[in-house]
Amino acid sequence: MKNKHVVEKKEKVNYNAHEIIYSRDWEKYRTQEYFDYRRAWSQYPNEHIVSAFPLHLDIETTDLCNLKCPMCPRTIMDEKETVQKYKYIPKEEYMSIIDQAVAHGVKSIKLQYLGEPLLHKDIAFQIAYAKEKGILDVMFNTNASLLDEKMAKEILEAGLDKLFISFDAVNPRLYAQQRVGTTIGKVIDNIYNFVKQRDAISPKTQVRMSMVMYDDPVWQQQFEAMKIMWDGLVDSLGYGIFNERDMDKKEIYKPVEGFVCEQLFQRMFLKCNGNVTVCCVDDHDAYCIGNWRETPLYDLWHSKKYEEIRNKHIQNRYYDIDMCKRCFLPDVYDKTYNK
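All you need for this note's numbering is the position in the sequence shown, starting with 1, plus 11.
Here is the structure:
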């Protein structure tokens, strides 16, 4: 059943996501265990619960990308020649990550951080292996430029649960400005074909589209146009507020009373270079807690450094951490809940 233009209710987690729901049909294919895990996703940060293992792992299977999007930290680091590419996580290392995670009860994984996951030759295997091991929610973000018919079929048959597509404009000129290295026509064809194959092969797969929103009416106009363009095709459409990722331009925000970062209680980020960080915007590994190639994942989650950053947030001292006082999320939280 289609739910026309239902705006997702704001909770005190994931508050930077602005989303319109078109369909929840994919939820019919989820088990009770899935909905329990989604409840824990909100409960753990709200109640400052540190579970035995993170609910979710972000795994940067490749740090390569085929586009040069100007808002992307990877593009910025590339231009400044500060990014050291490690290319791909090999199959054996990936399997070890999944085996450890499953042994400790992980519920979901995202096969991406800054790279484009469809560049990895093992992407279909990675999805299938995770699903065979019992992971409830397997997902990734993509620019969809490589999502041709063959690729779409392979990842759907492998068991992909969620696909998040970055699509920033319906105007071809604006799209080319934001997604440098591909064309809007190619990507539209890929997405439309993927949805058709999804409906035939794997109706359980959620398709969400999102854009980067700037403080400029032109981008709000593009979002309004996207509502018309993708209604009835994708399951949801949203945007995230632009966050400056250039370290030379990052501002220091004012402290926000009561802010506690939800990610510290939900997820852990495994980089292609081996580093493990606590934050979705820690592009430079400023708060690296260890290396997943050297230390078991369980020990990293319960490490002293992880405990220290969680405690500082709980004690309203997150501003003591340089990375955190340069983060935009406390400011978004403040504007959302402390008006």
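Just so you know, even glycine gets a beta-carbon here, dropped at the ideal spot from N, CA and C.
None of the values given here were measured: they were computed from a predicted structure.
*Compare the C-alpha of TRP126 against each of MET82, LEU157 and ASN77 and name the closest.*
Reading off the sequence, residue 126 comes out as Gly, not Trp. Ranking the options by Cα distance to GLY126, first place goes to ASN77.
*Could you check what DSSP says for LYS39 in three-state terms: helix, strand or coil?*
helix
*DSSP state of LYS13 mapped onto helix, strand, coil*: Caution applies to LYS13, whose pLDDT of 43 falls short of 50 and renders its modelled position unreliable; the model cannot decide the point.
_Uninterrupted alpha helix (DSSP H) stretches inside the segment 34-79 (no shorter than 4 residues)_ = 43-58
*Just checking, does the segment 134-145 make contact with the segment 50-69 on the three C-beta pairs under 8 Å criterion?*
no
*Can you tell me whether DSSP reads SER107 as helix, strand or coil?*
helix
*Return the chain-ordered list of same chain residues with a C-beta closer than 6 Å to the C-beta of LEU130, the five sequence neighbours on each side being excluded.*
THR73 and LEU75
*Contained alpha helix (DSSP H) runs [length at least 4] in the segment 276-310, N- to C-terminal order*: none
*asked:* Tell me which residues share the same chain as ILE212 and place their Cβ nearer than 8 Å to its Cβ, disregarding the 5 neighbours each side in the sequence.
replied: LYS164, LEU167 and GLU168
*Does the distance from the CB of TRP37 to the CB of THR216 come in under 8 Å?*
yes
_Candidates ALA112, VAL149 and ASP246, of which the one nearest PRO128 by Cα_ = VAL149
*Determine the contact status of ILE120 and ILE70, defining contact as a CB-CB distance below 8 Å.*
yes
*If you pair each beta-carbon of the segment 268-275 with each one of the segment 327-335, do three or more pairs fall below 8 Å?*
yes
_On the criterion of 16 or more Cβ atoms from any shown chain inside 10 Å, does GLN231 qualify as buried, or is it exposed?_
exposed
*Identify which residue in LEU248, ILE300 and VAL113 has its Cα closest to the Cα of ARG35.*
LEU248
*Give me the Cβ distance between GLN111 and LEU308, rounded to the nearest whole Å; I'm assuming they're in contact under 8 Å.*
5 Å
_Under 8 Å between C-beta atoms of VAL206 and LEU244_ = yes
*Where in the segment 160-244 do unbroken runs of the alpha helix (DSSP H), each at least 4 residues long, occur, reported from the N-terminal end onward?*
160-169, 183-189, 195-212 and 228-241
*What do you get for THR86, buried or exposed, if any count of 16 or more other CB atoms within 10 angstroms of its CB means buried?*
buried
_With H, G and I counted as helix, E and B as strand and the rest as coil, what does DSSP make of GLU268?_
coil
*Does DSSP classify PHE151 as helix, strand or coil?*
strand
*Take the Cβ of MET12 as the centre, count every other Cβ of all protein chains shown within 10 Å, and call the residue buried at 16 or more, exposed below.*
Bear in mind that a pLDDT of 38 at MET12, under 50, signals an unreliable position, so the number given afterwards is only what the model happens to contain. By the neighbour-count rule (16 or more Cβ atoms within 10 Å), MET12 is not buried but exposed.
_If you reduce the DSSP assignment to three classes, tell me which class LYS102 lands in._
helix
*asked:* I'd like to know whether the C-beta atoms of THR292 and ASN302 end up nearer to each other than 8 Å.
replied: Sequence inspection shows Val at residue 292; the Thr mentioned does not correspond to that position. Going by C-beta atoms, VAL292 is not nearer than 8 Å to ASN302.
*With respect to the alpha helix (DSSP H) encompassing TYR140, which residues constitute its N-terminal and C-terminal limits?*
134-143
*On the three-state DSSP scale, how would you describe LYS118?*
coil
*Who are the near neighbours of VAL11 in its chain, counting only those whose CB is closer than 8 Å to its CB and skipping five residues on each side?*
Only positions 12 to 350 of the chain appear in this structure, which leaves residue 11 out of reach.
*Tell me whether the beta-carbon of ILE202 lies closer than 8 Å to the beta-carbon of ALA236.*
no
*Measure the CB-CB distance between ARG190 and CYS80 and report whether it falls below 8 Å.*
yes
*Span separating the alpha-carbon of ASP159 from that of ASN204*: 8 Å
*How many Å lie between GLY170 and LYS142 at the Cα?*
7 Å
*Look up SER247 in the DSSP assignment and give the residues it is bridged to.*
ILE32 and ARG219
*May I ask you to report which of helix, strand or coil DSSP gives ILE320?*
helix
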